[in-house]
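>
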Amino acid sequence: MTFADRLRNFPIVLEVVPPHRRASEKVVQSLVQRVQAAVQAAPQVDAVNLPEVLDENHAGRPFYRNLDPRIFAQRLKDGSQVETIVNRVVVHLPGEADFREYLRDSIGSYGLRNFVFVGGTSSRIPYPGPDVVRANAILREVAHGRADVACGNILIPERVREVDRLLEKTRAGCGFFTTQVLFEPEPVGSVLMEYSEGCAAEGLKPATVLLSFAPVADYEDVEFLVWLGATITAETEEALLANRGREAGRASLDVARSIWGRVRDVMAAAPHPVPLGVNLGLNKDAEADQ
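Per our numbering, the very first residue in the sequence shown carries number 703; after that it's consecutive.
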């Protein structure tokens, strides 16, 4: 069963940051083996989500630190049947023609069929590439309506007019959203309720929303997740880091279970519930020796 087929049936996704682009072959192979082992050991993993991690300078130009997600996806598939989801910050491509070539190469040469398209970090920078809505539409054109090709985008609960953005991206072909890493049940619960009502009003089929969670073991983890956009209140941070290491990891799981339960209950009470899934981050220890 493809990941696209699983979207309406509570998909579970493992998120893994690709290794540093200058990591040794030993480090890369070690992470590949660890991810493959985690997938095989888990009762259910429908896909491995590979983010594209980069920095932007003041002019909006990217600096890539990590291995291309497409290359790491190839490594994961070597000897394994795991589905992969590759993320791409589409605005940094030189233009639409280059994006079309990226998609044709990804689908044809790399054998990929699951994508998450991401925008830039600033609304004030005139990026050269297509925005996310346009990228969704281009994927539909390039894939020629293939049912096994899944298009995903990012949900940022705290962003202004986020529900309007979700509806626009859904109209353009988004089949699933991944949230930023969650440490609080709000505002994501309210956003999902408004999104469900908006879809019902327009007769839209709501996209599946993967609620993202990640274990934290120390302040470095918290700082990294906040840099990625996560919201953590002082109270939650104190609860997470009251202990260190393994105990902090268990506290993270307790927070995740609590948030999941509250959001699930909100959707269960909704007249037109949004399908849900989980996107779970792999612990950073896999990359400790890079």
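Just so you know, even glycine gets a beta-carbon here, dropped at the ideal spot from N, CA and C.
Just reading off the alpha helix (DSSP H) that residue 727 is part of, what are its end residues?
Counting along the chain, the alpha helix (DSSP H) containing residue 727 begins and ends at 727-743.
> Taking the DSSP output, what are the residues bridged to residue 912?
DSSP, once it has assigned bridges, lists 880, 979 as partnering residue 912.
> Can you tell me which of the three DSSP states residue 714 falls into?
Here residue 714 sits in strand by DSSP.
> Cβ atoms of residue 887 and residue 961: under 9 Å apart, would you say?
Result yes, Cβ atoms of residue 961 and residue 887 sit closer than 9 Å.
> Indicate the three-state DSSP secondary structure (helix, strand or coil) for residue 704 in the structure shown.
Coil at residue 704, not helix or strand.
> Is the number of C-beta pairs between the region 707-716 and the region 752-759 that are closer than 8 Å three or more?
Contact fails: fewer than three Cβ-Cβ distances are below 8 Å.
> Tell me, to the nearest whole angstrom, how far the beta carbon of residue 793 is from that of residue 854; I am working on the premise that it is less than 8 Å.
Their Cβ separation, rounded to whole angstroms, is 16 Å, which puts residue 793 and residue 854 out of contact at 8 Å.
> What's the call for residue 988, buried or exposed, on a 16-neighbour Cβ count within 10 Å?
The predicted model places residue 988 with a pLDDT of 39, which falls under 50 and marks its position as unreliable; any figure quoted below should be read in that light. Residue 988 is buried by the Cβ-count criterion.
> Do residue 706 and residue 852 count as a contact pair if the criterion is CB distance below 9 Å?
The answer is yes: Cβ separation under 9 Å.
> Which value, in whole angstroms, describes the spacing of the CA atoms of residue 835 and residue 871?
The alpha-carbon atoms of residue 835 and residue 871 are separated by roughly 5 Å.
> Specify, as a first and last residue, the run of the beta strand (DSSP E) that residue 841 falls within.
From DSSP, residue 841 is part of no beta strand (DSSP E) but of the alpha helix (DSSP H) over 834-845.
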